[in-house]
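S.K.: Okay, handing you the structure first.
2 protein chains.
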Amino acid sequence: MWLRIDSRSSTPMYQQMIDEIKARIAKGALAPQSRLPSIRELASDLMINPNTIAKAYQELEREGVIEVIRGRGTFVCREQEGAGGAVAASARAQVRDMLTRVLVEAHHVGIPLADVSRELEVLIAGWPEERGRYSDE
Amino acid sequence: MWLRIDSRSSTPMYQQMIDEIKARIAKGALAPQSRLPSIRELASDLMINPNTIAKAYQELEREGVIEVIRGRGTFVCREQEGAGGAVAASARAQVRDMLTRVLVEAHHVGIPLADVSRELEVLIAGWPEERGRYSDE
DNA sequence: GCAAGTGTATCATTCGATATAGTACACATA
DNA sequence: TATGTGTACTATATCGAATGATACACTTGC
Chain B
2 MWLRIDSRSS TPMYQQMIDE IKARIAKGAL APQSRLPSIR ELASDLMINP NTIAKAYQEL
62 EREGVIEVIR GRGTFVCREQ EGAGGAVAAS ARAQVRDMLT RVLVEAHHVG IPLADVSREL
122 EVLIAGWPEE RGRYSDE
Chain W
2 MWLRIDSRSS TPMYQQMIDE IKARIAKGAL APQSRLPSIR ELASDLMINP NTIAKAYQEL
62 EREGVIEVIR GRGTFVCREQ EGAGGAVAAS ARAQVRDMLT RVLVEAHHVG IPLADVSREL
122 EVLIAGWPEE RGRYSDE
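Residue numbers (this note's numbering), protein chains in the order written: chain B, 2 to 138; chain W, 2 to 138.
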């Protein structure tokens, strides 16, 4: 099974697909230009409606993550967004906002903020690769 | 106005209240034992239905963040969860999951992972206080 | 050309969460 | 006793998620 989806989760199935596919690309498990399963194929595989898959693919295309070629299929974009170029201020603000939420949550479950920082370091250290796309490192 | 809510946001109003109140507590802007506005008061203030406020308060009480005293009002708990005690493994897993999402998002908008780490350090450095509740620091 | 496989675009429908509206109840305080 | 507190319940309207079905435009291979 190419993908695993929890139909009873409170997060919509199409959103789960978006998150999972973006995660795989970010971690290098889905290489650029590689092909994704067809809508109908994935739909019958997961036993859900093709429209749900289509919605996820359309959103991923809108975000510039995948590329759709009519009649051929959907593929991971060869160049991910922002590579080498300037990063929008809104994008940085969004990341900062997400980090703030993590700190708030950590506080309420009793995790020291220093532990959050350490955990992030571990995650980054274990990150598959960035393939030297960023001159910053 | 005690609280500001965006009724047109995609995130439910009651969820916005939960997030904002938890953030204020975590940052020390809402001290333990301090009183929250009454349901009807806040409802007429925000010009929304009292049931929506009640839902937010009930969820916050379920999470152990606030304390409800019938006939008197709602108050911030004097002891936040996990203070000094053991932190559930599921809580740490949740924080790790949130951090992973941040890294995935950062990747797709072209922000170097090292920048995320730096941003987190800045946020922690500017965090109001932890009042020495954690022996870890 | 034709068949099969791709994504796209509709429509109608079901289902659950969100939010509103109104009413009634139990408790605490002055 | 009057007022203010949170709680509980029903009913209703709205919206997003998901399904089901159909039709269309395009690409590829026979």
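No residue lacks a Cβ here, since even glycine has one placed at the ideal position from N, Cα and C.
Computed from a prediction, not measured in an experiment: that's the story for all the values here.
Taking C-alpha atoms, which residue in S11(W), L104(W) and W128(W) lies nearest to V117(W)?
M.R.: Along the second sequence, read from residue 1 onward, the residue named residue 117(W) stands at position 116. When each option's Cα is compared against that of V117(W), the closest is L104(W).
S.K.: From Y135(W) to A126(W), what distance separates their C-alpha atoms?
M.R.: Mapped onto the second sequence, residue 135(W) falls at position 134. Mapped onto the second sequence, residue 126(W) falls at position 125. No answer about Y135(W) holds up, because its pLDDT of 42 lies below 50 and its placement is not dependable.
S.K.: Nearest CA to the CA of Q95(W): which residue from E42(B), L121(B) and I49(B)?
M.R.: By one-based count along the second sequence, residue 95(W) stands at place 94. Out of E42(B), L121(B) and I49(B), L121(B) has the C-alpha closest to the C-alpha of Q95(W).
S.K.: Identify, in the order they occur along the chain, each residue of the same chain with its Cβ nearer than 6 Å to the Cβ of L43(B), setting aside the five sequence neighbours on each side.
M.R.: Numbered from 1 along the first sequence, position 42 holds the residue referred to as residue 43(B). Cβ neighbours of L43(B) beyond the five flanking positions: I54.
S.K.: Between the alpha carbons of I49(W) and M14(W), how many angstroms are there, rounded?
M.R.: One-based indexing of the second sequence puts residue 49(W) at position 48. One-based indexing of the second sequence puts residue 14(W) at position 13. Straight-line Cα distance between these residues: approximately 9 Å.
S.K.: Going straight from the alpha carbon of S70(W) to that of W3(W), what length do you get?
M.R.: For the purposes of this step, residue 70(W) is taken as the residue at position 69 of the second sequence. For the purposes of this step, residue 3(W) is taken as the residue at position 2 of the second sequence. Ser is not the amino acid found at residue 70(W); the sequence shown has Ile there. So the alpha carbons of these two residues sit roughly 21 Å apart.
S.K.: For D137(B), which residues of its own chain have a beta-carbon under 8 Å away from its beta-carbon, when the five flanking residues on both sides are left out?
M.R.: The residue given as residue 137(B) occupies position 136 in the first sequence. Note that D137(B) has pLDDT 38, beneath the 50 cutoff, so the model's placement of it is unreliable and no number is given.
S.K.: Between which residues of its own chain and E130(B) is the CB-CB distance below 6 Å, once the five residues before and five after are set aside?
M.R.: The sequence position of residue 130(B) within the first sequence is 129, counting from 1. Same-chain partners within the cutoff: G29.
S.K.: Between the Cα of F76(B) and those of A87(B), Q59(B), S91(B) and V88(B), spot the shortest distance and give me the residue it belongs to.
M.R.: The residue you call residue 76(B) lines up with position 75 of the first sequence. Nearest of A87(B), Q59(B), S91(B) and V88(B) to F76(B), Cα basis: Q59(B).
S.K.: Is any beta-carbon of chain W found at less than 7 Å from that of G29(B)?
M.R.: In the first sequence, counting from the first residue as 1, residue 29(B) sits at position 28. Judged by the 7 Å Cβ criterion, G29(B) is not in contact with chain W.
S.K.: Please check if any C-beta of chain B sits within less than 7 Å of the C-beta of S11(W).
M.R.: In the second sequence, counting from the first residue as 1, residue 11(W) sits at position 10. With 7 Å as the cut-off, S11(W) does not count as an interface residue toward chain B.
S.K.: Between I22(W), L100(W) and P38(W), which has its C-alpha nearest L31(W)'s C-alpha?
M.R.: Taking the second sequence and counting its residues from 1, the one referred to as residue 31(W) is at position 30. Of the candidates I22(W), L100(W) and P38(W), the one whose C-alpha sits nearest the C-alpha of L31(W) is I22(W).
S.K.: Using a Cβ-Cβ cutoff of less than 8 Å, which residues in the same chain neighbour G133(B) once the five nearest sequence positions on both sides are dropped?
M.R.: Counted from its first residue, the first sequence places residue 133(B) at position 132. Confidence at G133(B) is low in this model, with a pLDDT of 48, below 50, so the placement of that residue is unreliable and no value is reported for it.
S.K.: Using a Cβ-Cβ cutoff of less than 7 Å, which residues in the same chain neighbour C78(W) once the five nearest sequence positions on both sides are dropped?
M.R.: Numbered from its first residue, the second sequence carries residue 78(W) at position 77. P33, G65, V66, I67 and E68.
S.K.: Note down, in chain order, all residues in the stretch 87-100 of chain W with a beta-carbon under 8 Å from any beta-carbon belonging to chain B.
M.R.: So the close ones are V88, A89, A92, R93, Q95, V96, R97, M99 and L100.
S.K.: Could you check whether G111(W) and V88(B) sit closer than 7 Å to each other, using their CB atoms as the reference points?
M.R.: Locating residue 88(B) in the first sequence gives position 87, counting from the first residue. Locating residue 111(W) in the second sequence gives position 110, counting from the first residue. Taking 7 Å as the Cβ cut-off, V88(B) and G111(W) qualify as a contacting pair.
S.K.: May I ask you to report which of helix, strand or coil DSSP gives I67(W)?
M.R.: Locating residue 67(W) in the second sequence gives position 66, where the first residue counts as 1. Note: I67(W) maps to strand in three-state DSSP.
S.K.: Do A57(B) and I19(B) come within 7 Å of each other at the CB atom, strictly closer than that value?
M.R.: As a first step, residue 19(B) is located in the first sequence; it is residue number 18 there, counting from the start. As a first step, residue 57(B) is located in the first sequence; it is residue number 56 there, counting from the start. A contact, by the Cβ cut-off of 7 Å.
S.K.: On the three-state DSSP scale, how would you describe R41(B)?
M.R.: Taking the first sequence and counting its residues from 1, one reaches residue 41(B) at position 40. It is helical.
S.K.: When we look at the beta-carbon of A107(B) and count the other beta-carbons within 10 Å, is it buried (16 or more) or exposed?
M.R.: One-based indexing of the first sequence puts residue 107(B) at position 106. Buried, since its Cβ has 16 or more Cβ neighbours within 10 Å.
S.K.: Reducing DSSP to helix, strand and coil, say where V88(W) ends up.
M.R.: Here residue 88(W) is taken as the residue at index 87 of the second sequence, counted from 1. If DSSP states are grouped into helix, strand and coil, V88(W) belongs with coil.
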